[in-house]
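The structure under discussion appears below in the form of structure tokens.
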Amino acid sequence: MATLTDVIDRPTSQSGLWSWITTVDHKRIGVLYGVTAFIFLLLGGVEAGVIRLQLAVPDNTLVDPDTFNQMFTMHGTTMIFLVIMPLSASFFNFVIPLAIGARDVAFPRLNAFSYWVFLFGGLLLNASFLTNQAPDAGWFSYANLTEKPFSANQGLDYWALGLQVLGVSSLAAAFNFVVTIVNLRAPGMSLMRMPLFVWMTLVTSILLVLAFPVITVGLIELTFDRNFGTNFFVPEGGGDPILWQHLFWVFGHPEVYILILPAMGIVSEVLPTFSRKPLFGYPVVVFSGVVIGIMGWAVWSHHMFTVGLGPVAVSVFMITTMLIAVPTGVKIFNWIGTLWGGQIDLKTAMLFALGFVALFIVGGLSGVSHAVAPSDNQQQDTYYIVAHIHYVLFGGALFGIFAGVYYWFPKVTGKLLHEGLGKLHFWLYFIGMNVTFFPMHYLGLNGMPRRIYTYASEFGWDGLNLLASLGYLVLFVGTLLFIVNLMISLRKEPDAGHDPWDAPGLEWKIASPPPVYNFAKIPQVEGLDQYWIEKRRAEAEGHPITEPEALVDPSTIHMPSPSYWPLVTAIGVLILAAGMLVDTGWDYIRFPIPFIGGLISFIGIVAWANEPPAKEHAGGDHHPEAAHGGGHLAVAAVAEHPGGGATHSVRLLCSNCNNQLSSNFRFCPYCGGAVEDPAEPHHQEG
Amino acid sequence: MGLLPFRGEESRTQRARDKKGNTTHMSKRLSISRKHLLLLGLTAILLLVMACAPDAKQSTFGTSGPVAEKQLLLFNVLLWVMVAVFILVEGVLLYAVIKFRRRPGQTELPPQTHGHTALEITWTIIPTILILGLGIWSTITLFELDQPPAGADTLEVTAVGHQWWWEFEYPDADGNGKRITTANELRIPVDKAIRINLRSDDIIHSFWVPKLAGKVDVVPTRENYMWFQADETGIFYGQCAEFCGTAHAQMRFLVQVLPQEDYLAWAEGFGEAPVLSAQAQAGQTVFNGTGGCVVCHTANGSDSDAVVAGRVQGFMTSDTGIAPGPNLTDLATRVRFGAGIVDLNRQNLRQWLRDPETVKPGNYMSERAAIYQTADGRASLSESDISSLLEYLLSLK
Amino acid sequence: MAHQTEVSHHAPEEEHPTSTGINNRKLLMWVFLSSDCLFFGSLIATYMVYRGQSLVGPYPVDIIDVPITTISTFVLLCSSFAMVRALAATNENRQGAILFWLLMTAFLGAIFIGFQVYEFNLFRSEGLRIDTNLFGSTFFTLTGFHGAHVTLGIVWLLGLAWVAKKGRLGPKTALDVELAGLYWHFVDIVWIVIFTLLYLIGGFDTGPAGDPSLVPHSITGFLGLI
Ligand code: HEA
Ligand code: HEA
Ligand code: CUA
Ligand SMILES: [Cu+2]
């Protein structure tokens, strides 16, 4: 394989499509994650729209039962695996290396690999719509409904393989972030000086590392049952569908904390910033997050209270579940403690963070009422649960994520999102969310089961269902408004400066958007909220900080070179999984395809392992400029140019070898602005 | 119980009064700020809509009998605790947000507090105590509800979940060993503990009659059971609560709670040979002959062991073979059919016989019965055959 | 970590001084192995839950041959020893020994796989396939995934041997060997657990006595343990 990597140069493009495809820069990957997941959010939202339209009136026949079943299955699966998790991953990617003062994650190529596998997994799952075989057994797809006799089409194969692929992505990302956080902290950043978001990312990543293998095994067994005639969950063969439930929820409950902890981390960054006060009870908040992560493993059977586990097992899970309210409550109280006595600035990010706290309390309290098994026997599988889900996931996770979007958008782009539109967006979401989901509590208690494609008027569920559907429209408009806000804000000139919120985190020290190398000098950390410490000290010394850390010549800092191999390996994984779905009945096609996929992955991995750094490092020393004589276009420059108020120090690199060359340039890589007074290219396209 | 917002036995006016109490209670909290006027409006709309549905048939509030009532009691207490926690925590949150807003011209930093050990301990301990208290009480209730009270005279019924209808078997319906198989309509005596054995013929379903008891799943590998007791006569509504495929939404059933004597009379009279008119007799011929109904349905008494066994086997082992069908004995005495989704009358039944798919999409009768394997899915029977069949079915009583 | 200074100007994916002093790749390997623990844990749990639940034969007692597998287990254990030698040789920069022990490890692993292939074929011929009964399903899935791990390890070792042949392994790159070693030992330990549970303890299981529905459900038993 060395021959392969000898022949194919390591990619070096810094701009254009290729640069995105081969990028290993955590910031770009973060953006890729975010954009992709946002598109999936729209898709999941459209699916929710179909659900709400169908249920707006009783006895509706807008969609047939099977379509409806596909809709809620894909809605739930999409929102959880393709929206909340990757949106969280987007923040992990963009923020974590900056927040711990690192140049990148520990394994940049593995990181790129995670993204591509996530994208392909999402596409694979949704490809089921193209063959009209979307999965339709719910997001936790209880056996034995999922077995061949009851789900004959390939929907559940798509589901199982899609989740399997997504699992590869999540695991790879989780490995990466555990190592990054444990190992790449800036000097002085001890564990108890890590920002809370970093802590929650660490806990989430560990939960992922331990939870995903369990669902992997469940999915393998399901796939074997469906395709190789095993009987893991088939009662007729002695198998037990309840085993699936155990495997799913041993994964599934930690999973819900995987969904909420990143949002809790974000909120723990936003609240102090906009209260101008450090997080109240930092060690306690950290500790409670860890405790939630641990306790999350001891409660899974609260999803199975009606299965007939017997009162002994049920009471154990009941108590452990209820006790989770304690560490969660502690977090909430400390957040309120943070607000207390502060100077609260209701920027959009802050509104979303406050909305998170307010709505999550509602979802948490309904959670505690499910935890009480005898009362859950009435609530389980009703809209009361659907209400809980959305208060914790929409009001919780998604609100937390939007708080993060408004908070870090200026760091990512250098531009502020429009505050007025943002506030409108918040209020539409806040109101729409309550109008949509609050009535569901009552609907559930009034006997409306979930996952029903229609209902009769006789039960008195009409009014509230209509109300919920109207609420959806409010959310719809809110979402459109956010898109408009994005469009408007992305078009304008950079206006954010490096630190628009007077924030405490290291990421605010550097320019917005951050240069490829992040920190010119790896920061030395003296305490929690390091940038506050620095700013306050500078202020006290009479020369307040108004400028980001000065940019430097990137060629003095060696960053990982872009690479093709993560993408190649990911494509291999996709072909491997998709190949198993090929249903020609002709084994000569069916079996070779996954094999080819496996081979491509293998080649990708070997090439990856043997890949040299980009050419110029090969010899150890920088090669002389003459080496470029051979004709590729290379541009580079160092120049000052005024743009959006700030002066950027600009330099371009040889688009082929990533090396600094003579003074030539086209545009500012940080803000996209044209640079005046271009000199001659140092050598021409040949 | 006076404090509780929802009660089973009280009159409607009482309930309305309680609800009003609820409103004032909430509005006190809501008057705190402008933003929450909105919430008030919302709550008002909500209560309005709630008031439009006073007679919710499947509500978990209008309970009857000890099991559902204990579960409701627990929920009500929880609800109030949660409402209290909600008001307290959200109240403090709101207060903090309003009180500590950043005022223009504030340049000095606020006091940089970092934590407070005593506070941390307090707000760890208080919820813990609250939770443990609730937890212990819940555990007690849980064990209490597990079994019917010792020594109670119980009626045993086996409920079998099928995609997508319910079968009820009484091993000893009348106290004299009479065995009854019926479907989609469970008849039980009032004031008597009923033990339901839950079995599945195919996949997981969940047996739920909200007003009588919380649900218990029907799992193919498990011998689950539940019990309840109805304190009043009348019809109670139930529904399958575990997603079970295409027609999950239509897998409903009724529970008829009869006075003891009426129940006994029904049990004893069940399955007596019906009186058949000439047309009904013609219908019976179709039923047993060209219609092929008898392949799946019994109409003259309980299913024999062999039939039951054959059906359970047959369903699982063949894709298109026999599906067990609801036992149609005494069909005409039922209130509804199609697993509790439509009223039993001539018109609906005719529609069902013509094309079940239009009544209940996905059902296994239209999917599998030979007579519906036509291009348009409509029965390959003449109208007069259908009329005779109708006549026959409606004579089954 | 003596060689660190030489490469420390490289990107984070290469060796860097780390916050904890643990090498990144090594930590990655540990995190991966902890994940893999849960993977095998779940497969083993499935086996345990379904122990004695097969409705039809052949049952373990009819099939399992403890002596043969004891031999293959011994071979696998020896391979772990070879692995230790390979790492030692790398640290001591004995080029010939590196290559020899790496190949030896791979060879012993391959013998283990050979035994497994033989065993699988034997079982098949005796009527146990993956779809025969729960024993077959759990047995082949668990041991099959273990075998896949070993196979992957062999490929990895051969790759290393190839590098060693070019003389590129030595104290500076000992980590490359150490990581393979960690993986190899892990897979080995997992086998010990599997061997104990599936062969020594479960190998004599007979079929359910009488009516299978009377066998107490082992999931309930499993939960009772918690
Ligand atoms: C982000 C995701 C998330 C989060 C954080 C939670 C948090 C909790 N969940 Fe939830 N849950 C889901 C997502 C989540 N859940 C989903 C998706 C399902 C449905 C799956 C499906 O069936 O499709 C579900 C279902 C579910 C069930 C199963 C219901 C059923 O199917 O019958 C239960 C039962 O116990 C439960 C309980 C809890 C509890 C006790 C918490 C606790 O962590 C909540 C703790 C928080 C608080 C309690 C509020 C703040 C605390 C205070 C203000 C302190 C004072 C409070 C007290 C003293 C009570 N959840
Ligand atoms: C994070 C998770 C998440 C989120 C954000 C949501 C968001 C929403 N959910 Fe979801 N939901 C789940 C997770 C989530 N849900 C889960 C796990 C289930 C259980 C599934 C199961 O039972 O298996 C569920 C189930 C579920 C049900 C129950 C279905 C059933 O049981 O039959 C309903 C019913 O109303 C519902 C509604 C909604 C609505 C109205 C939204 C809204 O908030 C959506 C808001 C989004 C939008 C409004 C986007 C609008 C789109 C655009 C603006 C696009 C414009 C178009 C282009 C530019 C192309 N959801
Ligand atoms: Cu049966 Cu839902
Ligand atoms: Cu849970």
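Chains as they are written, first to last, in the working numbering: chain W, 1 to 686; chain F, 1001 to 1397; chain E, 2001 to 2226.
We put the beta carbon where it would ideally sit given N, CA and C, even for glycine.
Within chain E, partners of residue i - CB distance below 7 Å
i      : result
T230/W : I2130, D2131, S2137
N183/W : T2018, S2019, T2020, I2022, N2024, L2027
V386/W : Correct list: empty, because the minimum Cβ distance to chain E is about 28 Å.
Collapsed DSSP secondary structure at residue i in the structure displayed
i       : result
W1166/F : strand
H498/W  : coil
D1217/F : strand
F113/W  : helix
W139/W  : coil
S1384/F : helix
L119/W  : helix
A1051/F : Here A1051/F scores only 47 on pLDDT, less than 50, and its place in the model is too uncertain to base an answer on.
W340/W  : coil
I1121/F : helix
H1025/F : Bear in mind that the predicted position of H1025/F carries a pLDDT of just 42, short of 50, making it unreliable; the figure below should be weighed with that in mind. Looking at H1025/F - three-state DSSP - the assignment turns out to be helix.
W2184/E : helix
Q1256/F : strand
E1398/F : One cannot answer for residue 1398/F here, as it falls past the ends of chain F, which runs 1001 to 1397.
Partner residues on chain F for residue i, Cβ-Cβ distance less than 7 Å
i      : result
N153/W : Neighbours of N153/W on chain F: none; closest Cβ ~12 Å, over 7 Å.
T454/W : A1249
D157/W : Under the 7 Å cutoff, chain F gives no residues; its nearest Cβ is about 17 Å from D157/W.
Range of the contiguous beta strand (DSSP E) that encloses residue i
i       : result
P1189/F : 1185 to 1189
Y1237/F : 1234 to 1239
Proximal residues of chain W, C-beta to C-beta of residue i below 9 Å
i       : result
V2049/E : D240, L243, H246
T2141/E : V217, I220, E221, F224, T230, F232
F2032/E : L171, F175, V209
R1101/F : Q343, I344, D345, L346
Chain E residues whose Cβ lies nearer than 9 Å to that of residue i
i      : result
F426/W : Residues of chain E passing the Cβ test: none, with the nearest at roughly 37 Å.
Residue i: contacting residues in chain E (beta-carbon distance under 8 Å)
i      : result
T328/W : In chain order: nothing, as chain E lies at least about 23 Å away.
Chain B contact residues for residue i, given Cβ-Cβ distances below 9 Å
i      : result
V357/W : No chain B is present in this structure, whose protein chains are W, F and E.
Residue i - containing alpha helix (DSSP H), residue span
i       : result
V606/W  : 592 to 610
Y1364/F : 1364 to 1368
A697/W  : The requested residue 697/W is not part of the displayed model; chain W covers only 1 to 686.
S489/W  : 462 to 491
H1205/F : Here H1205/F belongs to no alpha helix (DSSP H); instead the beta strand (DSSP E) covers 1205 to 1209.
L1094/F : 1066 to 1099
A2082/E : 2066 to 2092
Contact set between residue i and chain F, taken where Cβ atoms lie within less than 9 Å
i      : result
F399/W : Correct list: empty, because the minimum Cβ distance to chain F is about 14 Å.
W508/W : None at all; the shortest Cβ gap to chain F is about 17 Å.
R52/W  : Ordered by position in chain F, no residue passes the 9 Å Cβ test against R52/W, which lies about 16 Å from the chain.
Beta bridge counterpart(s) of residue i as assigned by DSSP
i       : result
Y1225/F : N1197/F
H390/W  : In DSSP, H390/W forms no bridge with anything.
D1343/F : R1336/F
P449/W  : T382/W
T1182/F : F1168/F
Residue i: contacting residues in chain F (beta-carbon distance under 8 Å)
i      : result
V362/W : F1086
Could you please go through the chain and list the residues whose beta-carbon is closer than 7 Å to any non-hydrogen atom of ligand 4?
W249/W, G252/W, H253/W, V256/W, V299/W, W300/W, H302/W, H303/W
Considering only heavy atoms of ligand 3, list every residue whose Cβ is less than 6 Å from one of them, following chain order.
G1161/F, W1164/F, H1205/F, C1240/F, E1242/F, F1243/F, C1244/F, H1248/F, M1251/F
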